[in-house]
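S.K.: Encoded as structure tokens, here's the structure I'll be asking about.
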Amino acid sequence: MIRYATAAEVEAALGRAMTCAEATWFQYSATMPDYWLWWHTAFVFLVFYTLTPLPLALLEHLAPAVALKYKLQPRVRLSPAALLHCYRDSARLVLLVMSPCLIVFYPIVKVMGIIRTGLPLPSIWEIAPQLVVYHFVEDYLSYWIHRLLHTKWAYNNIHHVHHEFRAPAGFAASHSHWAEVLILAIPTFVGPAVVPCHVTTHLLWFSVRVMEAAETHCGYDFPFSPTKLIPFYGGAEYHDYHHYVGGHGQSNFSSIFTYCDFIYRTNKV
Ligand SMILES: [Zn+2]
Ligand SMILES: [Zn+2]
Numbered sequence: 001m002i003r004y005a006t007a008a009e010v011e012a013a014l015g016r017a018m019t020c021a022e023a024t025w026f027q028y029s030a031t032m033p034d035y036w037l038w039w040h041t042a043f044v045f046l047v048f049y050t051l052t053p054l055p056l057a058l059l060e061h062l063a064p065a066v067a068l069k070y071k072l073q074p075r076v077r078l079s080p081a082a083l084l085h086c087y088r089d090s091a092r093l094v095l096l097v098m099s100p101c102l103i104v105f106y107p108i109v110k111v112m113g114i115i116r117t118g119l120p121l122p123s124i125w126e127i128a129p130q131l132v133v134y135h136f137v138e139d140y141l142s143y144w145i146h147r148l149l150h151t152k153w154a155y156n157n158i159h160h161v162h163h164e165f166r167a168p169a170g171f172a173a174s175h176s177h178w179a180e181v182l183i184l185a186i187p188t189f190v191g192p193a194v195v196p197c198h199v200t201t202h203l204l205w206f207s208v209r210v211m212e213a214a215e216t217h218c219g220y221d222f223p224f225s226p227t228k229l230i231p232f233y234g235g236a237e238y239h240d241y242h243h244y245v246g247g248h249g250q251s252n253f254s255s256i257f258t259y260c261d262f263i264y265r266t267n268k269v
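Structure below.
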């Protein structure tokens, strides 16, 4: 909640006119409690999880011949019913697990000062390095958590749900056991805990992560994908191999980049 009642008060406090983005944010958030702005994380997650995989799912269904030449496992075609089942299960986890956890853990976020909600909005020079740090923190921690999830007990009791799809699609990115949703949320939240940010940066970070996860699980390798330009980026082919090998596989654990697999000698593609 922004502690100024009017735009004029905000501009007096800032010592300048608000930017267009700041005026929009003021209009939207001025009277909202901070925990509700923080809860937008679940909303943003659900919106991007719904929309990002949709174009490819439609392309595969409406024009399979066009999509086929880029498909990593061309013999496997998931039915609309299977995708819908996957989407429904994942969306339910966001609503029933992630959403209440965000509210329950909000007091910790508040006490630690992890998120700010007021004005000014962060500049690109603040956001960019924060996102870089969050990516590396996420990548390193999730690499080790993912390796632990491939130990016998953890795989049989938790991680096997995510590996239900040997040929994944974008909607399978969040198809997991409820415990995995919680465990793998830790690396995503640790970055902002270490380097606090504005809540809009936090929402951007989650949007980017959901899009990356959807791309990694999309089941297609497009040579013109802009992520091909990112050094050490794993991408769809890299993670598809991890799903193809299945639970007995001990390779390609990284969620974003490939350097951890390279350093710890678990890279296969
Ligand atoms: Zn796995
Ligand atoms: Zn996966």
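Letter 243 of the sequence shown, counting from 1, is numbered 243 in full-length UniProt numbering, and no numbers are missing. Glycine included, C-beta positions come from ideal geometry on N, C-alpha and C.
Looking only at its chain, what residues have a beta carbon closer than 7 Å to the beta carbon of H162, apart from the 5 residues adjacent to it on each side?
M.R.: H175, S176 and E180
S.K.: Using only the alpha-carbon positions, how far apart do G15 and P120 sit?
M.R.: 11 Å
S.K.: Can you determine whether any heavy atom of ligand 2 sits closer than 7 Å to the C-beta of P168, and answer yes or no?
M.R.: The answer is yes for P168.
S.K.: Could you tell me if the beta carbon of L149 falls within a distance shorter than 7 Å of some heavy atom in ligand 1?
M.R.: Remark: the C-beta of L149 is in contact range of ligand 1, defined as less than 7 Å to any heavy atom.
S.K.: Cβ-heavy atom distance between residue 279 and ligand 1 below 7 Å?
M.R.: The structure shown does not extend to residue 279, since the chain is modelled only from 1 through 269, so no value can be given for it.
S.K.: I'd like the span of the alpha helix (DSSP H) that includes C101, first residue to last.
M.R.: S99 to V104
S.K.: Count the other CB atoms, across all protein chains shown, that sit within 10 Å of the CB of R92; report buried if there are 16 or more and exposed otherwise.
M.R.: exposed
S.K.: What is the residue span of the alpha helix (DSSP H) that A81 lies within?
M.R.: For A81, the enclosing alpha helix (DSSP H) starts and ends at P80 to L93.
S.K.: Buried or exposed: which applies to Y220, given that a residue is buried once 16 or more other Cβ atoms fall within 10 Å of its Cβ?
M.R.: buried
S.K.: Using a Cβ-Cβ cut-off of 7 Å (strictly less than) and excluding sequence neighbours within five positions of Q250, which residues of its own chain qualify?
M.R.: H150 and T266
S.K.: Run through the DSSP bridge pairs and tell me what K71 is partnered with.
M.R.: Y220
S.K.: Using only the alpha-carbon positions, how far apart do F232 and A128 sit?
M.R.: Computed Cα separation, rounded: 18 Å.
S.K.: For ligand 2, I want to know if H177 counts as a neighbour, meaning its beta carbon is within less than 7 Å of at least one of the ligand's heavy atoms.
M.R.: no
S.K.: Assuming W38 contacts V111 (C-beta within less than 8 Å), just tell me the rounded distance between them.
M.R.: Rounded, the Cβ-Cβ distance is 13 Å, inconsistent with contact.
S.K.: Hey, how far is the Cα of Q73 from the Cα of I256?
M.R.: 21 Å
S.K.: Please determine, among D261, K69, V104 and L182, the residue with the shortest C-alpha to C-alpha distance to residue 273.
M.R.: Residue 273 cannot be examined here, being either before or after the span of the chain that is shown, 1 to 269.
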